[in-house]
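Q: Take this structure first; my questions come after.
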Amino acid sequence: MSAELKDAGIVVTGGGAGIGAAMARRFHAEGARVVVADLNGDAAAAVAEEIGGTAIAGDAAGVEGVEQLLARSREVLGGIDIFCANAGIAPLGGADSSEDVWARAWDVNVMAHVRAANALLPEWLERGRGRFVATVSAAGILTSLGSAPYSVTKHGALAFAEWLSATYRHRGIDVHAVCPQGVRTNMLANTGKGGQLLMGASAIEPEQVVDALLEAIGEKRFLVLPHPEVADYYAARATQTDRWLGGMNKLQRKVEALGE
1 MSAELKDAGI VVTGGGAGIG AAMARRFHAE GARVVVADLN GDAAAAVAEE IGGTAIAGDA
61 AGVEGVEQLL ARSREVLGGI DIFCANAGIA PLGGADSSED VWARAWDVNV MAHVRAANAL
121 LPEWLERGRG RFVATVSAAG ILTSLGSAPY SVTKHGALAF AEWLSATYRH RGIDVHAVCP
181 QGVRTNMLAN TGKGGQLLMG ASAIEPEQVV DALLEAIGEK RFLVLPHPEV ADYYAARATQ
241 TDRWLGGMNK LQRKVEALGE
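So the sequence shown is residues 1 to 260, counted in full-length UniProt numbering.
Structure, rendered in structure tokens:
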């Protein structure tokens, strides 16, 4: 793995905590040069100082924010070899979520990926290599009870990553979609009793997600499943859809019984 990552220029969005911070630390340990990007500048600075990387504070989702992040990262790294579109938000709510909530979820969870890839592809295609890592979540291949905006936009993130891989893999572009279930981060903590019921028992550490990602990078494998059982759920969703939906609805009723 060191051969893949040694001296690589890597950008990690949402790198100030959780999975992003674990990515930044591991990439540094493997010999990479890392830019830690986060809306929380203090968090980004703390991780960057720890690993000898560079912190960039700001919004990595909007058009201007992505342009500024990539321009600054190129100044620091010389070139971007790996881009980890890890930043994400998981607002609770259903179809009644406000237009602003839906728009922000699309911006952060989907369009940030599209905008970064659009800006990176010319450089990567010219040199014949590049690696795009999308932190999707199992919500992107299954669903996420309690958050329609999160579930829908994570499906969009997976769809874009699939398209990117299908379109450019023969031209040296490697794509990985990271799809864990519960991970012990602030995002999981903020899901309340419902999230703990659905994901708490099987929750893993962020470092375990990165272990699975590095295995996938070594194998040039698109789908990264830190919870291997998700593969079975994914197959059931595709081949026994009504039975799977019935099972999810049963879980929904358990969540409702908690009063959430």
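Just so it is clear, CB atoms sit at the ideal spot from N, CA and C, and this is done for glycine as well. Keep in mind it's a predicted model, so treat the numbers as computed, not measured.
Look at the alpha carbon of Val76 and the alpha carbon of Ala90, and state the distance between them as a whole number of angstroms.
A: Their backbone Cα atoms lie some 31 angstroms apart in a straight line.
Q: Would Val209 and Val183 be called neighbours here (beta carbons separated by less than 7 angstroms)?
A: yes
Q: Which complete alpha helix (DSSP H) runs does the segment 85-172 hold, if anything under 4 residues is left out?
A: 99-106, 112-127, 148-168
Q: At the level of alpha carbons, what is the spacing between Gly246 and Val11?
A: The straight-line gap from Cα to Cα measures roughly 40 angstroms.
Q: Which residues bound the alpha helix (DSSP H) around Asp42?
A: 41-51
Q: I'd like to confirm the pairing. Which residues does DSSP put opposite Phe83 in its beta bridges?
A: Val11, Phe132
Q: Using CA atoms only, rank isn't needed, just tell me which of Gly79, Ala87, Ile82, Glu50 is closest to Gly65.
A: The option with the nearest alpha carbon to Gly65 is Ala87.
Q: Pull up the distance between the alpha-carbon of Ser144 and that of Arg74, whole angstroms please.
A: 36 angstroms
Q: On the three-state DSSP scale, how would you describe Ala17?
A: Here Ala17 carries a coil assignment [DSSP, helix/strand/coil].
Q: Looking only at DSSP bridge pairs, what is Thr54 linked to?
A: Val35
Q: Of the choices Glu99, Glu50, Ala8, whose alpha-carbon is the least far from that of Gly15?
A: Glu50
Q: Do you know whose CA, among Gly53, Gln181, Tyr150, Leu214, lies nearest Ala103's CA?
A: Tyr150
Q: Return the CA-CA distance between residue 265 and Val108, expressed in angstroms with no decimal places.
A: Residue 265 lies beyond the stretch modelled for the chain, which goes from 1 to 260, so this question has no answer here.
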